[in-house]
Amino acid sequence: MVDIGAEILKTRHSNDENWGTDTEKIVGPHISPHLPTSPSHRHDPESASVNEFQKKFKLNLMKKFECLNGVIIKVGNQTLLNEIYTELYITEGDSGKVNKEHEVRQIEAASRRTTTEETPIKCNDIFKPLSEQDKPIRTVLTKGVAGIGKTVSVQKFILDWTEGKANQDIDLIFPLPFRELNLMKDQKLSLMELLHVCFKGIKETEMSSLEKVLFIFDGLDECRFPLDFQNTVRVCDVTESASVHVLLINLIKGNLLSSALIWITSRPAAADQIPSECVHRVTEVRGFNDPQKEEYFRKRISDQSLANNIITHLKSLRSLYIMCHIPVFCWISATVLERMLGEAESGEIPKTLTQMYTHFLIIQTNIIGEKYSKKQESDEEMLLKLGQLAFQQLKKGNLIFYEEDLRECGIDVREAAVYSGVCTQIFREEFGLHQSKVYCFVHLSIQEHLAALYVHLTFMMEKRNVLIQHQVSKWCISDLHYSAVDQTLQSQTGHLDLFLRFLLGLSLKSNQKLLQDLVTQTGSSSQSREETVQYIKKKINEDLPTEKSINLFHCLNELGDNSLVEEIQHYLKSGKQSEFSSSQWSALVFVLLTSAQDLEEFDLNKYFSADKIPETVLLKMMPVIAASIKAM
Numbered sequence: 001m002v003d004i005g006a007e008i009l010k011t012r013h014s015n016d017e018n019w020g021t022d023t024e025k026i027v028g029p030h031i032s033p034h035l036p037t038s039p040s041h042r043h044d045p046e047s048a049s050v051n052e053f054q055k056k057f058k059l060n061l062m063k064k065f066e067c068l069n070g071v072i073i074k075v076g077n078q079t080l081l082n083e084i085y086t087e088l089y090i091t092e093g094d095s096g097k098v099n100k101e102h103e104v105r106q107i108e109a110a111s112r113r114t115t116t117e118e119t120p121i122k123c124n125d126i127f128k129p130l131s132e133q134d135k136p137i138r139t140v141l142t143k144g145v146a147g148i149g150k151t152v153s154v155q156k157f158i159l160d161w162t163e164g165k166a167n168q169d170i171d172l173i174f175p176l177p178f179r180e181l182n183l184m185k186d187q188k189l190s191l192m193e194l195l196h197v198c199f200k201g202i203k204e205t206e207m208s209s210l211e212k213v214l215f216i217f218d219g220l221d222e223c224r225f226p227l228d229f230q231n232t233v234r235v236c237d238v239t240e241s242a243s244v245h246v247l248l249i250n251l252i253k254g255n256l257l258s259s260a261l262i263w264i265t266s267r268p269a270a271a272d273q274i275p276s277e278c279v280h281r282v283t284e285v286r287g288f289n290d291p292q293k294e295e296y297f298r299k300r301i302s303d304q305s306l307a308n309n310i311i312t313h314l315k316s317l318r319s320l321y322i323m324c325h326i327p328v329f330c331w332i333s334a335t336v337l338e339r340m341l342g343e344a345e346s347g348e349i350p351k352t353l354t355q356m357y358t359h360f361l362i363i364q365t366n367i368i369g370e371k372y373s374k375k376q377e378s379d380e381e382m383l384l385k386l387g388q389l390a391f392q393q394l395k396k397g398n399l400i401f402y403e404e405d406l407r408e409c410g411i412d413v414r415e416a417a418v419y420s421g422v423c424t425q426i427f428r429e430e431f432g433l434h435q436s437k438v439y440c441f442v443h444l445s446i447q448e449h450l451a452a453l454y455v456h457l458t459f460m461m462e463k464r465n466v467l468i469q470h471q472v473s474k475w476c477i478s479d480l481h482y483s484a485v486d487q488t489l490q491s492q493t494g495h496l497d498l499f500l501r502f503l504l505g506l507s508l509k510s511n512q513k514l515l516q517d518l519v520t521q522t523g524s525s526s527q528s529r530e531e532t533v534q535y536i537k538k539k540i541n542e543d544l545p546t547e548k549s550i551n552l553f554h555c556l557n558e559l560g561d562n563s564l565v566e567e568i569q570h571y572l573k574s575g576k577q578s579e580f581s582s583s584q585w586s587a588l589v590f591v592l593l594t595s596a597q598d599l600e601e602f603d604l605n606k607y608f609s610a611d612k613i614p615e616t617v618l619l620k621m622m623p624v625i626a627a628s629i630k631a632m
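Under full-length UniProt numbering, the sequence shown has 486 at position 486, and the numbering climbs by one with no breaks.
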């Protein structure tokens with residue numbers, strides 16, 4: 001096998017069709033072209049040409065990936081990935097089950113998981129067998145919830161390769177995100193034509209003669225075309241035309257370029273689209289462990305005293321500190337708390353998710369006001385349109401949007417460009433293949449917060465409940481909350497769990513006051529809050545699945561009601577736990593799972609004095625038993 005086919009090296013293409021040219025205009029400072037190349041190449045004319053091609057290819061990838069995509073720490077400056085990057089906690093393998101819970105619940109569960117039986121793995125080592133006896137690894141599937149760091153891991157892997165720091169046995173890396181492949185879903189083309197579209201320096205290449213290439217398919221959950229591994233035509237020739245999904249399936253199966261490495265990333269719910277027999281290693285990005293959370297804030301905040309104050313505040317609020325497993329939440333928290341705990345802002349320090357995200361939204365709109373003194377429409381109009389988009393796409397389960405999705409909400413391409421320009425840290429416009437445009441919110445949780453804001457404001461301003469089709473003449477806000485609670489409990493995937501927390505939190509007077517700078521609307525009464533609290537308590541008492549009741553306890557927390565939790569703590573001190581009702585057992589589970597202390601050993605007999613523990617109680621306590629290192 002020759003190192004790299006001569007066809008790939010036709011330099012007449014690379015001079016005028018350098019695929020990185022457009023990126024160079026955006027990405028930042030000039031980088032030295034003296035890049036390392038693979039040591040395996042021979043010193044002959046063809047090999048010299050190989051090295052030259054690799055240099056250009058690596059340089060273009062380096063320019064594209066050296067900056068942290070979409071995150072600007074200081075307005076006007078892009079952030080170099082290597083300056084802010086904090087190592088993520090990645091493990092090999094997973095439970096093998098498709099988790100149907102909301103991803104925040106998965107994070108909460110993962111934060112409790114014992115590390116004694118896990119195999120940590122560094123991102124740059126995902127294609128390396130654990131021992132010499134193990135078979136070579138061709139296809140890696142990396143799972144992780146939204147915002148946990150999958151795409152940044154891909155970016156860091158590529159950057160380290162371009163800088164000669166790791167994986168120098170790989171000749172070329174082709175990053176092909178699903179959000180861009182979606183734009184080509186209706187086209188028929190060969191693998192070589194696909195690569196030429198994405199990386200214009202490559203034409204009519206004998207791909208089979210490459211020594212080692214890596215294809216990275218990032219964001220399987222964003223895929224908008226079918227992946228039918230059972231009934232797809234076989235394609236073995238890199239010059240044979242087929243639909244993009246057919247090419248993809250044949251690449252993953254190994255019919256096309258059997259020696260090529262494949263790396264697929266996905267949110268957990270979509271990962272089962274890839275048959276297990278096609279995957280040689282599964283890894284899971286778990287985000288930041290506790291030491292990495294602190295490292296992130298110390299890197300992100302230059303004032304170390306302020307960084308310590310932020311860490312202390314977050315540690316004091318268990319629900320927020322658990323969320324810090326997600327790097328994007330760390331970034332949002334740092335943005336808000338740097339101002340709130342510093343000298344720039346005053347007011348109540350955020351203690352709930354709703355407060356944190358509402359402060360973040362206000363900070364971003366204030367930045368917009370400073371940046372653009374003359375806006376064509378008010379913050380309220382912009383937030384309502386973006387909120388409608390967020391809500392409609394949340395119902396469909398979409399995190400990535402295209403022009404047709406925007407048009408459904410009355411947003412044209414020109415408006416979208418304005419929104420992404422002024423709301424850089426909320427809503428993003430990205431250029432895909434053929435310079436087509438792809439849109440997204442910076443993170444799923446921002447989409448969920450804006451969706452809740454849209455539902456809340458639409459009710460306040462128009463007395464219209466967008467959650468249901470049939471409208472009645474007289475609505476009160478508790479009716480809106482009842483329908484939101486019911487729909488969330490009916491969801492099989494838990495996709496509305498965080499949306500519900502935000503919607504209920506936005507009805508509090510303290511959050512109403514925060515929103516007054518952005519929108520003109522009236523708040524809710526304390527009576528309606530109490531009605532919503534009682535409705536949630538009634539639902540908790542209906543013997544719900546544990547994950548559903550835990551989310552409802554988080555909802556009570558957003559509403560500022562801790563009565564059930566306080567009741568449990570009082571009962572535990574008095575020794576009356578054998579008299580617990582169904583809702584009180586649920587409250588006990590919530591208290592134990594959100595405790596700052598590790599569950600070293602859990603003995604159910606401490607909480608139940610009868611000889612025989614009822615099956616209903618045992619089932620309720622299963623999440624606590626699963627989270628414990630040892631259970632009696």
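Even glycine gets a Cβ: it sits at the ideal position worked out from N, Cα and C.
Leaving out five residues on either side along the sequence, give the residues of the same chain with a beta carbon under 7 Å from the beta carbon of residue i.
| i | result |
| --- | --- |
| Leu-504 | His-481, Thr-532, Cys-555, Glu-558 and Leu-559 |
| Ile-411 | Lys-385 and Leu-389 |
| Leu-619 | none |
| Ala-307 | Phe-297, Arg-298 and Ile-301 |
| Leu-552 | Ile-536, Lys-539 and Ile-540 |
| Asp-22 | Confidence is the limiting factor: at Asp-22 the pLDDT is only 33, short of 50, which leaves the residue's position unreliable, though a coordinate-based value still follows. There are no such residues. |
| Ile-613 | Leu-604 |
Within the continuous alpha helix (DSSP H) that includes residue i, where are the two ends?
| i | result |
| --- | --- |
| Trp-475 | Looking at the DSSP string, Trp-475 is not in any alpha helix (DSSP H), and its letter there is neither H nor E. |
| Arg-224 | That residue, Arg-224, is in no alpha helix (DSSP H); it is neither H nor E in DSSP. |
| Thr-616 | 615 to 620 |
| Glu-404 | 403 to 408 |
| Lys-150 | 150 to 162 |
| Leu-81 | 81 to 84 |
| Val-140 | Careful: Val-140 lies outside any alpha helix (DSSP H), inside the beta strand (DSSP E) at 139 to 143. |
| Asn-167 | Looking at the DSSP string, Asn-167 is not in any alpha helix (DSSP H), and its letter there is neither H nor E. |
| Ser-305 | 304 to 315 |
| Ser-319 | 318 to 323 |
| Ser-333 | 327 to 340 |
| Ser-510 | 509 to 515 |
| Phe-297 | 290 to 300 |
Would you call the CB atoms of residue i and residue j closer than 8 Å?
| i | j | result |
| --- | --- | --- |
| residue 697 | Cys-223 | Nothing about residue 697 can be reported from this structure: the residues present for the chain run from 1 to 632 only. |
| Glu-294 | Ile-311 | yes |
| Phe-225 | Lys-185 | yes |
| Gln-187 | Val-244 | yes |
| Val-238 | Leu-256 | yes |
| Asp-218 | Arg-267 | no |
| Phe-499 | Glu-448 | yes |
| Asp-171 | Lys-212 | yes |
| Ala-260 | Phe-215 | yes |
What are the boundary residues of the beta strand (DSSP E) that residue i is part of?
| i | result |
| --- | --- |
| Leu-214 | 213 to 217 |
| Leu-261 | 261 to 266 |
| Pro-175 | 172 to 175 |
| Glu-284 | 281 to 285 |
| Ile-90 | 90 to 92 |
Which same chain residues end up closer than 8 Å to residue i when comparing Cβ atoms and leaving out the 5 residues on each side of it in sequence?
| i | result |
| --- | --- |
| Gln-355 | Glu-348, Gly-505, Ser-510, Asn-511 and Leu-514 |
| Leu-81 | Phe-65, Glu-66, Cys-67, Leu-68, Val-152, Gln-155, Lys-156 and Leu-159 |
| Thr-232 | His-245, Val-246, Ile-249 and Asn-250 |
| Pro-327 | Thr-86, Leu-88, Gly-147, Ile-148, Gly-149, Val-152, Gly-287, Phe-288 and Tyr-296 |
| Pro-623 | Ala-109, Thr-546, Glu-547, Ile-550, Val-589 and Leu-593 |
CB-CB under 6 Å to residue i, same chain, minus the five flanking residues each way: which ones, in chain order?
| i | result |
| --- | --- |
| Ala-587 | Leu-564, Val-565 and Ile-568 |
| Glu-601 | Lys-630 |
| Ser-241 | Lys-188, Leu-189 and Ser-190 |
| Gly-93 | Val-282 |
| Lys-337 | Correcting the residue type first, residue 337 is Leu in the shown sequence and not Lys. Cβ neighbours of Leu-337 beyond the five flanking positions: Ile-310. |
| Gly-96 | Its pLDDT being 49, under 50, Gly-96 is placed unreliably by the model, and the measurement read from it follows with that caveat. Nothing meets the Cβ criterion. |
| His-359 | Val-336 and Pro-350 |
Notebook entry, point to check: Curious, which full-length alpha helix (DSSP H) runs of at least 4 residues does the stretch 538 to 599 contain?
Noted result: 546 to 558, 563 to 574 and 582 to 593
Margin query: Quick check for students: name the residue ranges of the alpha helix (DSSP H) that lie wholly in the stretch 436 to 501, counting only runs of 4 or more.
Written below: 444 to 462 and 477 to 490
Next item on the list: Check whether the stretch 156 to 173 touches the stretch 299 to 306, counting contact only when three or more Cβ pairs, one atom from each stretch, lie closer than 8 Å.
Entry: no
Notebook entry, point to check: Given 8 Å as the limit, is there contact between the stretch 395 to 404 and the stretch 438 to 449, that is, 3 or more CB pairs closer than that?
Noted result: yes
Item checked: Segment contact flag, the stretch 141 to 152 with the stretch 276 to 295, C-beta cutoff 8 Å, min 3 pairs -> yes
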